[in-house]
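Protein chains in written order, with our numbering: chain A, 200 to 312; chain B, 28 to 138.
We put the beta carbon where it would ideally sit given N, CA and C, even for glycine.
No experiment lies behind these values; they were computed from the predicted model shown.
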Amino acid sequence: DTAVSQTPKYLVTQMGNDKSIKCEQNLGHDTMYWYKQDSKKFLKIMFSYNNKELIINETVPNRFSPKSPDKAHLNLHINSLELGDSAVYFCASSQLQGGYGYTFGSGTRLTVV
Amino acid sequence: DAKTTQPTSMDCAEGRAANLPCNHSTISGNEYVYWYRQIHSQGPQYIIHGLKNNETNEMASLIITEDRKSSTLILPHATLRDTAVYYCIVLTQGGSEKLVFGKGTKLTVNP
Chain A
200 DTAVSQTPKY LVTQMGNDKS IKCEQNLGHD TMYWYKQDSK KFLKIMFSYN NKELIINETV
260 PNRFSPKSPD KAHLNLHINS LELGDSAVYF CASSQLQGGY GYTFGSGTRL TVV
Chain B
28 DAKTTQPTSM DCAEGRAANL PCNHSTISGN EYVYWYRQIH SQGPQYIIHG LKNNETNEMA
88 SLIITEDRKS STLILPHATL RDTAVYYCIV LTQGGSEKLV FGKGTKLTVN P
């Protein structure tokens, strides 16, 4: 059983398209996150949801919209994809806010061409 | 903003102990030290955390200096699979702070 699963693992799409990445966790955690890792390997937090409520929204373009239908799912929808959106996106969950015991998914590699 | 400084890279021989240092001179009293690692093409993985006492689990040991301004992560018998980027992070536990990754230390375990 994968604790935090993301789909798809790879996504290649053209500029201007709209795409979604899905994330599900079966750990019973209350908080879920999206992180972006760019080509320089810097990991940056994008969003955080606690029990379906948005609690962290970093300076991310409005084209990125997270959606949490329930506390086990946090999807990321991206509109009008741009070349600079190419990156690896990681979903994570934790029981408590703060640093303890984040569990990350295996990542979705998005390539915009 | 990362509150820690770590060497950019380190090498270690397989089977030997890997000692990864981290400086966190501005750490406050309620902040914990966390260690995560990211093996190539995988998501980050939690290793260990501590407040002021030394900690040990099945993966590693964490040694925190008495003044808490620095710490060392110890992998007692490094294997090739321990090659990864290791991140030292400080923040409060159970607070609203987010896990912020710095540049980390790229550890290469050599055969």
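Interface annotation, residue 71 of chain B: in contact with chain A, CB-CB separation under 7 Å.
Identification of residues in the segment 241-255 of chain A having a C-beta nearer than 8 Å to some C-beta of chain B yields 241, 242, 243, 244, 247, 254, 255, given in sequence order. Proximity of chain B to residue 289 of chain A at the Cβ level (cut-off 8 Å) is accounted for by 70, 71, in chain order. When rounded, the separation of the alpha-carbon atoms in residue 136 of chain B and residue 215 of chain A is 42 Å. DSSP places residue 308 of chain A within a strand segment (E or B) once states are collapsed to three. Distance from the Cα of residue 312 of chain A is smallest, within the candidate group A/230, A/285, A/233, for A/285. Residue 125 of chain B has a beta carbon lying within less than 7 Å of a beta carbon in chain A. Under the three-state reduction of DSSP, residue 43 of chain B is assigned to coil, being neither helix nor strand. The beta carbon of residue 235 of chain A lies closer than 6 Å to those of 243, 245, 286, 288 in the same chain, with the five residues before and after it left out. Interface residue (Cβ-Cβ distance to chain B less than 7 Å): residue 267 of chain A is not classified as such.
Excluding the 5 residues flanking it on each side, residue 79 of chain B has same chain C-beta neighbours closer than 7 Å at 91, 95, in chain order. For residue 305 of chain A, a Cβ of chain B is located within less than 7 Å of the residue's own Cβ. Taking 7 Å as the cut-off, the Cβ atoms of residue 101 of chain B and residue 86 of chain B do not count as close.
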